[in-house]
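Reading through the C-alpha cells given below for one structure.
There are 2 protein chains.
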Amino acid sequence: MIRVAVDAMGGDRAPETEVAGAVQALATMPEDVAIQLVGRSAAIEAELARHPGADRGRLEIHEAADVIGMGEKPLAAVRKKPNSSLVVGLTLHKTGRADAFLSAGNTGATLAASTVLLGLHDGVERATVATLLPTGSTPVVMLDAGANLDCSARELVGFAYLGTVYMRDIMGIATPVVGLLNVGEEEEKGTAIVREAHQLLKNAPVHFVGNVEARDVYAGVADVIVCDGFTGNVALKISESLVDMIETLASGAMTAEVSRRLDAAEYGGALLLGVKGIVIVGHGRSSATAVENAVGLAHRFSVGRLVERLERGIAAIPVSAT
Amino acid sequence: MIRVAVDAMGGDRAPETEVAGAVQALATMPEDVAIQLVGRSAAIEAELARHPGADRGRLEIHEAADVIGMGEKPLAAVRKKPNSSLVVGLTLHKTGRADAFLSAGNTGATLAASTVLLGLHDGVERATVATLLPTGSTPVVMLDAGANLDCSARELVGFAYLGTVYMRDIMGIATPVVGLLNVGEEEEKGTAIVREAHQLLKNAPVHFVGNVEARDVYAGVADVIVCDGFTGNVALKISESLVDMIETLASGAMTAEVSRRLDAAEYGGALLLGVKGIVIVGHGRSSATAVENAVGLAHRFSVGRLVERLERGIAAIPVSAT
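Protein sequences, first through last, are from chains A and B. Under numbering that gives the first Met the number 0, think of the first position of the first sequence as 0, with each following residue one higher. Under numbering that gives the first Met the number 0, think of the first position of the second sequence as 0, with each following residue one higher.
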C-alpha cells in the first residue's frame with residue numbers, strides 16, 4: 000500500500016480542493032493507494048460529507064490543529080507550529096507512516112520543514128523545488144522553481160547536479176543537458192552570481208551546454224534549466240498567466256492573435272525610459288516587420304513628443320525618480 | 000520630417016533584416032518618415048541593392064565602421080568604439096540630426112551609450128528598458144526588461160515612477176496601477192531587495208497595488224510591472240518561447256493541448272529535490288484534479304523508489320552536490 004499524506008490545509012481553497020482531489024484520486028487510482036488527509040479534522044470531515052461516495056477504507060484523517068499561512072516566514076513558522084498540518088504530515092512521512100507528502104501551501108515553509116525533518120541527502124547543501132515544463136518533446140526540469148529566492152553560485156551548481164540525477168535516473172534521459180538560465184548566451188552575460196555559476200559549471204561533472212536564454216526554454220535546448228527560485232517562479236507563473244490569457248482570448252484564430260500580440264513585430268521593440276531621447280531596443284531576432292514597426296513606434300513617440308512629456312511627468316513627481 | 004536612425008548592424012541577422020525593415024517602413028508609412036541606416040556603408044548598400052524599389056529619397060546611409068557585439072561589456076564597448084553604429088547612431092540623435100534611434104543589438108550597450116550620450120532626465124538615477132506586454136485589454140508595461148540586471152530597491156522605485164509617467168502621459172491611463180513582481184502577494188515575500196522596494200513603494204507617490212505574482216501579469220492586474228532586468232528578461236523571453244511552442248504544436252486543438260501540458264493539474268506539482276523523502280509542492284491554486292495528479296505523482300515516485308535512486312545518483316557524483 001502506498002500511503003500519501005496530503006496537507007489538507009495548504010492551498011488557497013483548502014480543505015475543499017484537497018479533499019475533493021483526494022476523493023477523486025481514490026476513485027481513479029490503483030487500489031494500492033491510500034491517502035492521509037492532514038489538518039483540522041472537523042473541517043476535513045465537513046468536506047468529506049459532501050462526497051458520500053468516497054472510499055473511506057483507504058482514507059485516514061490525521062488531526063493537525065494549526066495551519067501555516069502563505070505569508071509566514073518559513074523556518075520560524077515551522078518551529079512555532081509543531082501541530083501544523085505541514086509538520087504533522089511531514090512527520091508521518093519521516094516516521095514511515097506515510098510514503099510521500101504533498102502540500103499546496105507555503106512553498107518556503109514546505110522546503111524548510113522538509114529540510115529540517117527529513118534531512119538532506121549526503122552531499123546536498125540546499126534542497127530545491129524542481130518543476131517540469133513541457134516542450135514539443137520531452138519535458139525539461141527547471142530548478143529552483145520558487146523556494147530558494149537567493150542562491151549562491153555554488154548552490155546553483157548543486158541544483159545542476161540534482162537536476163541531472165533526476166532527469167537521468169528518474170526520467171530516463173541518458174545524458175541530461177544542463178543549461179544556466181541567463182539573459183544571453185555569452186558567458187560574460189548575467190549577474191555576478193550567474194557568471195560565477197557559469198564558470199563553476201564549466202568544470203562540473205555535468206553536461207553543461209552553457210547559458211540558455213528564456214526564449215529557448217520551451218524549445219527544449221536543455222533538459223535541466225538552472226536558476227534561482229525568484230527567477231524560476233516568475234518563469235513558471237508567467238507561463239501559466241500567458242496560457243490563461245490565451246484561453247481567455249481564445250477560440251479559433253487565437254494562436255495568431257496571441258502571437259500577434261506577443262510578437263516583437265507588433266510592438267516593435269522595447270523603449271528605454273529615463274534617457275533624454277527616444278531609444279527603442281529591438282530583439283536580436285527582430286524580423287523585418289519588427290524593424291518596420293519599431294520605426295513606426297519611434298515615429299509615433301517623436302510626433303507625440305515623448306521626451307518632453309516624460310520630462311514633464313517626471314519633474315512633476317514630488318520626490319526624485321530614483 | 001521625422002528622421003529615424005536605425006542601427007543597421009545591431010541584430011543577429013544585420014544588416015539584412017534592418018535594411019529590409021527600413022525599406023518596408025518607407026513603403027508603408029507616412030511620407031514624413033525618413034530613415035538613416037547607420038553602419039558599414041558597403042554592407043548596407045549591398046543589401047539595398049536587393050530592394051530596387053526602395054525609396055532612396057527618404058533613406059540615408061551613415062557610415063559607422065565598428066560594430067558592438069552581443070557579448071561585449073556595455074560601457075567598455077561604448078568607450079572603446081566611438082565609430083560603432085550604436086555610438087554614431089545615437090550621436091545623430093543627440094545632435095538633433097535624427098529624431099529617434101533604434102537598435103536590435105546589445106541592449107546593455109544601448110542603455111549605457113544612451114545614458115552617456117543622451118543623459119538622464121533630471122531626477123532619474125538609472126535608465127531602464129520598458130516593454131509592453133499584451134493583456135486581454137490594455138497592455139501593461141514591464142520594466143526593467145533586461146538591461147539592468149542588478150537593481151537596488153531605490154532603483155526599482157525609480158522604475159515605478161518612470162512606468163507610471165509613461166502609462167499615464169503616453170498611454171493615457173489616468174492612474175496607472177503599479178505592481179512589484181514577486182513570488183507572493185504578501186509583503187514579507189521576496190528577496191531582501193524586493194522586500195525593501197515594497198516598503199519604499201508603499202510610501203511612494205505612485206498607485207502601488209502591492210506585489211504582483213507572475214501568474215497575474217497577463218491578467219492585467221497592474222499597468223506597471225516593476226522588476227529587475229534579469230527577471231524581466233526571463234519573463235518576457237519565456238513568454239515568447241511559450242508562444243513559439245504553441246505555434247509548433249498548434250493547429251486546431253492546440254489551446255487545450257498547450258494548456259493541458261502547462262497546467263499544474265497535469266504535472267500535479269513541483270518536486271522537492273535534495274531532501275530524503277518525496278515531497279511535492281502543489282500550487283496554491285491547485286484544482287482537485289491537480290491534487291489528484293499530485294497524488295499520482297507521489298505514487299509513481301514512491302513505487303519507483305525516487306529517494307533511493309536520487310541518493311544513489313547523487314552519491315555517484317564525483318564532487319559533492321553543493
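Here a beta-carbon is modelled for each residue, glycine too, at the ideal position from N, C-alpha and C.
Contact between Val32 (chain A) and Ile1 (chain A) holds, since their C-beta atoms are separated by about 5 Å, short of 8 Å.
The C-alpha of Arg55 (chain A) is placed about 57 Å away from the C-alpha of Tyr160 (chain B).
Glu212, Ala213, Arg214, Asp215, Val216, Tyr217, Ala218: these are the residues of the region 208-220 of chain A whose beta carbon lies less than 8 Å from some beta carbon of chain B, given in chain order. Glu30 (chain B) and Ile60 (chain B) have their C-alpha atoms some 18 Å from each other.
Sequence-distant Cβ neighbours of Ser40 (chain A) in its own chain, meaning closer than 6 Å and more than five residues away, are Ile60, Glu62. Only those residues of the region 35-65 of chain B whose C-beta falls short of 9 Å from the nearest C-beta of chain A would be listed, and there are none. Interface residue (Cβ-Cβ distance to chain A less than 8 Å): Lys236 (chain B) is classified as such.
Taking 8 Å as the cut-off, the Cβ atoms of Val139 (chain B) and Val223 (chain B) count as close.
Taking C-beta atoms under 8 Å as the contact rule, Gly219 (chain A) and Glu186 (chain A) fail to qualify, at a distance of about 22 Å. For Asn147 (chain B), not one C-beta of chain A is nearer than 8 Å to its own C-beta. The beta carbons of Ala19 (chain B) and His50 (chain B) sit about 7 Å from each other, so the pair counts as a contact at 8 Å. Residues of the region 82-108 of chain A with a C-beta atom less than 9 Å from some C-beta of chain B are Leu89, His92, Lys93, Asp98, Ala99, Phe100, Leu101, Ser102, Ala103, Gly104, Asn105, Thr106, Gly107, listed in chain order. Here DSSP, grouped into helix, strand and coil, assigns Leu116 (chain A) to helix. Rounded to whole angstroms, the separation of the alpha carbons of Gly88 (chain A) and Lys79 (chain A) is 16 Å. In its chain, beyond the 5 residues on either side, no residue has a beta carbon closer than 8 Å to the beta carbon of Val164 (chain A).
Secondary structure of Glu59 (chain A) (DSSP, three-state): strand.
For chain B, the residues of the region 167-186 of chain A that bring a beta carbon within less than 9 Å of one of its beta carbons are Arg167, Asp168, Ile169, Leu180, Asn181, Val182, Gly183, Glu184, Glu185, Glu186, in chain order.
Between the alpha carbons of Val205 (chain B) and His197 (chain B) lies a gap of roughly 12 Å.
Take the alpha-carbon of Thr230 (chain B) and the one of Ile169 (chain A): they are about 30 Å apart. Within 9 Å of the CB of Met69 (chain A), the CB atoms of chain B belong to Gly183, Glu184, Glu185, Lys188, Gly283, in sequence order along the chain. Take Asp149 (chain A), set aside five residues on each side of it, and no residue of its chain has a beta-carbon closer than 6 Å to its own. Between the region 235-247 of chain A and the region 237-245 of chain B, the count of Cβ pairs shorter than 8 Å is three or higher; the stretches touch. Close to Thr137 (chain B), with beta-carbon spacing below 8 Å, lies no residue of chain A; the smallest spacing is near 12 Å.
In the DSSP annotation of this structure, the continuous segment of the alpha helix (DSSP H) that includes His92 (chain B) starts and ends at 84-93. Beta-bridge annotation (DSSP): Phe207 (chain A) is paired with A:Val177. For Thr127 (chain B), the secondary structure class from DSSP, reduced to helix, strand or coil, is strand.
Taking all protein chains in view, the Cβ of Pro81 (chain A) is surrounded by fewer than 16 other Cβ atoms within 10 Å, so the residue is classified as exposed. Per DSSP, Val66 (chain A) lies in no alpha helix (DSSP H) and is assigned neither H nor E. In terms of Cα proximity to Leu91 (chain A), the closest of A:Gly38, A:Glu307, A:Pro133 is A:Gly38. In the DSSP assignment, Ile224 (chain A) falls within the unbroken beta strand (DSSP E) covering 223-225. Looking at A:Arg96, A:Asp11, A:Pro73, A:Gly52, the one whose alpha-carbon comes closest to that of Ile34 (chain A) is A:Arg96. Comparing alpha carbon positions, the residue from B:Leu200, B:Val5, B:Asn147, B:Gly183 closest to Met69 (chain A) is B:Gly183.
Cβ neighbours of Ala103 (chain B) within its own chain (closer than 6 Å, five residues either side excluded): Gly9, Gly10. Straight-line measurement puts the Cα of Val225 (chain B) at about 19 Å from the Cα of Gly189 (chain A). Around Leu241 (chain A), the beta-carbon contacts reaching into chain B at under 7 Å are Tyr217, Ser238, Leu241. For Val302 (chain A), the neighbours in chain B by C-beta distance under 7 Å run, in chain order, Ile1.
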